[in-house]
Amino acid sequence: MEITVTINGSDHASDVEPRTLLVDHIRRTVGLTGTHVGCDTTSCGACTVLMDGKPVKACTVLAAQADGSEVTTVEGLKTADGLHPVQQAFTDDHGLQCGFCTPGMMLVGASLIAENADPSDDEVRWAISGNLCRCTGYINIVKAIRTAAARVAESSNGS
Amino acid sequence: MAAPTTPAEIGGIGHSVQRKEDARLIEGQGNFLDDIDLPSTLHMAILRSPLAHARINGIDSSAATALDGVLAVVTGDLMDQHGLAWMPTLSGDTQAVLATDKVRYQGQEVAAVIATDPYIATDALEHIEVDYEELPPITTPQQSLEEGAALIRDEKEGQTDNLAYTWETGDQGATEEAFAQADRVVTLETHYPRSHPAPLETCGIVADVNSVTGQATIYMTSQAPHAHRTLFAMVAGLPEQNIRIVSPDIGGGFGNKVPIYPGYVVATAASLLIGQPVKWVESRTENLISTGFARDYYMKGELAVTDEGRILGLRVNMLSDQGAFYSDAQPTQFRAGLFHVVTGSYDFGAAHIDCKGAFTNKAPGGVAYRCSFRITEASYLIERLVQNAAYEVGIDPAEMRLRNFIQPEQFPYETATGFVYDSGDYPTALRTALDEVGYEDLRREQAEARAEGRLIGIGIAHFTEAVGAGPSRTYDIAGLKMIDSAELRVHPTGKAILKLGVKTQGQGHETTFAQIVAEVLGIPANDIKVEHGDTDHTPYGLGTYASRSTPVGGAATAVVARKLADKSKKIAAHLLEAADEDIELASGVFSVAGSPDRSVTIQDVALAAYTNLPEGMEYGLEDVTYYDPPNLTYPYGSYIVVVEVDPDTGVWQVQRMVALDDCGVRINPMIVEGQICGGLTEGFAMSAMQWITFDDDGNCIGANFMDYLVPTAWETPRFELLATEVPSPHHPIGAKGVGESATVGSPAAFVNAVIDALAHLGVRNIDMPVLPDRVWAAIDEAS
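Protein chains in written order, with this note's numbering: chain A, 45 to 203; chain B, 487 to 1269.
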């Protein structure tokens, strides 16, 4: 079937099998491999992307369901102004080790701070509780998302 | 902590340098196995047994082969024609690659489909008909060793029962003597349950064998690429110079990516036969039901103690559940890994350990899950026993440990099982942690809470690890000595490339190993590229597991950097027209003793190495070192956990977790703390929720992340970290390794805390995971 998905601002028109998963479409058809597959059962969140601004787990969304929507992957976080604040904070606060969960974690973090300018420790933990990390114990991920939120708040107060 | 000796812009040892590997990972530019997309790649899917034990009477793959897009269906018979139906394991057993006679566990590999598309390959599995004749499954090692139990390994010559191995160590006579002198014997029987490392990235391979040249380029999720190259050469009979293993970015390993799995062998054989690249990436279920599990030890420990709380001796009897094949990833001479450290941090003279392993109809494995070969089980047993002994003797569990610690002046200390601990100051570590947690106040609060009917528990674990395998006289895997290597090249502009035999899976080698070179030579860490994982481009080594990278590969890095420092001093002397012995090197500046104004930099020296040398010296500034450690290193720590248990539901919550680690010199404190937080979380996971179980038919319960519960951010406790620093006396930079300490040490602290909350009721054991229903049952039974 014919679908058009806007990924990181570019339109991608393709003819896909109806059963094609969004994550496979992004990785194999479009060729953006920053979105990972960790579990196939919507449990781990490594495949998280933003669909019309909301985090979804792309391993259990059909590509067909994304027809006409705007998808943001980790490759779309950086802008002409530089790294997204969550990307910068993840490296500053050592929020990643192997880096496999990182794209999903950062996208959830970006989505959270877009809605909540000053999330508490518990609010961040709740927001990322659909995303698993086996390396960090989450502490520095939580810290990084809060750092990013604080930096965004600071720069918007300053402007 | 010692202050760094180099300025921040050089970033030597002790600086929390930001990680170099992050840049690609935060932009989605990592290169993980599944990201590799070679032209004409075919995709493999594996048909696995739905039954735990069954005879295969026939396989009909004709319907699958006929599907559009399917190139081949590989069965055990086809593999057998090439001598590849079975392969050796790392513990001297054999393992089926594709089943030919029987299936011996649920999830065992039976056939593989090679297709043009991964969806088609998976579809085709449904069209393969296997005629199974069910056999009774054996799902516990106790059943397995009963007389008359069905023989699981009936293909194995000389095998007449289900015994996988036996092992003992220590001095039985001396131990019996110690027990005869004891005032009391404290016994603990407990099961360390089966767990799975479950790195977030599953295992996979892209095998690219060129049928014309014979060149085999094998991309695989490997923690040990060099050892895997040699094993591939030995098993598949391929010439080793034609095999290139590339281990790309690895999405976590934790021991799961040490073994060679059947899927790797089938994909490589398929690529060889078809002449196109073949990719196989496990699903999560395949990962959990078939690749290396960990633990699964039934342990009985007995501690001989005096009424004053002195430990006199230790006796351990164990039975391990090996699954269908004995494939523990461990050094050859060590049948139950380094379980010898079960004597823990304590000074006593006699121990005896007797262990057996049994085959069962379960997945094989026995990998060291974030653990230096069975040290986690050993550390757990002694720390649980010491805590229980304190209750029986009637002294405080902290005091019990302080009375029995090996004292700082006793190092090097030979334990009752013959390990020589290199260094430590255990009393300072425990006292520091006790002060931080406010131990005496907590005990008062606990007593007050009990009076109100609330259950508070304080659990301590003071663990000692033995990591960094290891000295070549004792340690090998499949005959390969457990040395490791580093090759360092300094380019004319003063920038360098460091090539390692070890391989990161997230530990940050690209940063920390550059810092070791920066410390020695003064080249800024950011000017040093670290290369690892590609066997064509790095020197030989046994890989990264068992916390061995820093103890062995880190030592090699320091030694090779020192070799270049020696040569650099001679070049500097030539440039400065001074005597070699008068040259001093500090933070990348070579100066003449007594005339600090006369100096050149490492960058000047690097250029001179290719342009202006003293007479007779060979050009270039590069070298390689293979490091054979004189001993293991012995990191340790004191962990204290405070929990509150809900007496009505058995639910327990962690109130505090104080973790003091002594891993010797910390190369990058930020990364060390990151490793500890991750390890504590996995320790919490095993104590609270994470286990692989089976029903009576041998069905794996825990085959996906909905049934196998790994902690999310919501369940994970907060941690308070502390450090002491007693350098390893024999390691070139005094480091000891830290990646696994927290997973090894913390389960006993969490479980001891829950037991401590219930100790006054007489509760002495709840098996892990300490699930609320188990806690509730223990309370119910005690009252």
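All residues carry an ideal CB built from backbone N, CA and C; glycine is no exception.
Measuring CA to CA, which of the options is closest to residue i?
i, options, result
"GLU641 (chain B)", "B:ILE969, B:ARG590, B:GLU1067 and B:ASN696", "B:ARG590"
"VAL721 (chain B)", "B:GLY569, B:TYR855, B:GLU495 and B:TYR784", "B:GLY569"
"THR86 (chain A)", "A:LEU94, A:GLY75 and A:ALA102", "A:ALA102"
"ASN52 (chain A)", "A:LYS122, A:CYS91 and A:GLN132", "A:LYS122"
"GLN816 (chain B)", "B:GLU1067, B:SER909 and B:THR1030", "B:THR1030"
"HIS1246 (chain B)", "B:ALA1268, B:GLN628, B:GLU1067 and B:PRO1255", "B:ALA1268"
"ALA582 (chain B)", "B:ALA710, B:GLY749, B:LEU631 and B:THR527", "B:GLY749"
"GLY555 (chain B)", "B:TRP572, B:PRO574, B:ASP563 and B:HIS529", "B:HIS529"
"PHE518 (chain B)", "A:ILE172, A:PHE144 and A:VAL168", "A:PHE144"
"SER958 (chain B)", "B:LEU1118, B:ASP1022, B:GLU878 and B:SER865", "B:LEU1118"
"THR1024 (chain B)", "B:VAL853, B:GLU513, B:ALA1011 and B:GLY1039", "B:GLY1039"
"PRO711 (chain B)", "B:VAL744, B:PHE1191 and B:ALA702", "B:VAL744"
"ASN648 (chain B)", "B:GLU663, B:GLU662 and B:GLN628", "B:GLN628"
"THR64 (chain A)", "B:LEU584, B:ASP603, B:VAL1144 and B:ALA972", "B:ASP603"
"LYS985 (chain B)", "B:PHE999, B:GLY992 and B:LEU941", "B:PHE999"
"PHE825 (chain B)", "B:LYS848, B:ASP793, B:THR792 and B:TYR783", "B:TYR783"
With which residues is residue i paired in a DSSP beta bridge?
i, result
"TRP572 (chain B)", "B:ALA582"
"ALA57 (chain A)", "A:THR48"
"ASN803 (chain B)", "B:LYS786 and B:ASP840"
"GLN1139 (chain B)", "B:GLU1130"
"LYS765 (chain B)", "B:HIS529 and B:VAL692"
"SER1077 (chain B)", "B:GLU1070 and B:SER1085"
"SER1124 (chain B)", "B:HIS948 and B:LEU1146"
"VAL152 (chain A)", "Looking at the DSSP assignment, VAL152 (chain A) forms no beta bridge with any residue, so it has no partner."
"TRP653 (chain B)", "B:CYS841"
"THR116 (chain A)", "A:LEU94"
Considering only residues of the same chain and omitting the five flanking positions on each side of residue i, which have a CB-CB separation below 6 Å?
i, result
"VAL130 (chain A)", "MET150, GLY153, ALA154 and ALA192"
"ARG510 (chain B)", "GLY516"
"SER1124 (chain B)", "ALA915, LEU916, ALA919, HIS948 and LEU1146"
"SER257 (chain A)", "In the structure displayed, chain A extends from 45 to 203; residue 257 (chain A) sits before or after that span and is not available."
"ASP1022 (chain B)", "ARG730"
Alpha carbon to alpha carbon, what distance is there between residue j and residue i?
i, j, result
"ALA552 (chain B)", "SER769 (chain B)", "25 Å"
"ILE624 (chain B)", "ALA538 (chain B)", "8 Å"
"THR829 (chain B)", "ILE868 (chain B)", "7 Å"
"ILE157 (chain A)", "TRP1138 (chain B)", "32 Å"
"SER535 (chain B)", "ALA790 (chain B)", "47 Å"
"PRO163 (chain A)", "ARG190 (chain A)", "7 Å"
"ALA1209 (chain B)", "ALA876 (chain B)", "26 Å"
"ARG1142 (chain B)", "GLU1201 (chain B)", "14 Å"
"THR676 (chain B)", "ASN874 (chain B)", "13 Å"
"VAL1110 (chain B)", "ALA1042 (chain B)", "8 Å"
"THR960 (chain B)", "GLY741 (chain B)", "21 Å"
"PHE834 (chain B)", "ILE797 (chain B)", "6 Å"
"GLY880 (chain B)", "MET886 (chain B)", "9 Å"
"LEU1107 (chain B)", "LEU805 (chain B)", "54 Å"
"ASP807 (chain B)", "THR846 (chain B)", "7 Å"
"PHE779 (chain B)", "TYR855 (chain B)", "8 Å"
"SER1081 (chain B)", "ILE1057 (chain B)", "17 Å"
"GLN893 (chain B)", "LYS1053 (chain B)", "42 Å"
Give every residue of the same chain whose Cβ lies closer than 7 Å to the Cβ of residue i, excluding the five residues on either side of it in the sequence, and list them in chain order.
i, result
"GLU619 (chain B)", "ALA540, ARG541 and ASN543"
"PHE820 (chain B)", "PHE859"
"ALA713 (chain B)", "ILE963, LEU966, LEU1028 and GLY1029"
"VAL1212 (chain B)", "SER909, GLY910, ASP911, ASP1148 and GLY1150"
If I measure Cβ to Cβ from residue i and keep anything under 8 Å in the same chain, skipping five residues before and after, which residues do I get?
i, result
"ASP68 (chain A)", "ALA107"
"ALA755 (chain B)", "VAL560, MET565, HIS568, LEU570 and ALA722"
"THR979 (chain B)", "GLN1089, ALA1092 and LEU1093"
Decide if residue i is buried, meaning its Cβ has at least 16 other Cβ atoms within 10 Å, or exposed.
i, result
"ASP546 (chain B)", "exposed"
"PRO1100 (chain B)", "exposed"
"GLN762 (chain B)", "buried"
"ILE775 (chain B)", "buried"
"ASN890 (chain B)", "buried"
"MET487 (chain B)", "exposed"
"LEU524 (chain B)", "exposed"
"GLU895 (chain B)", "exposed"
"GLY634 (chain B)", "exposed"
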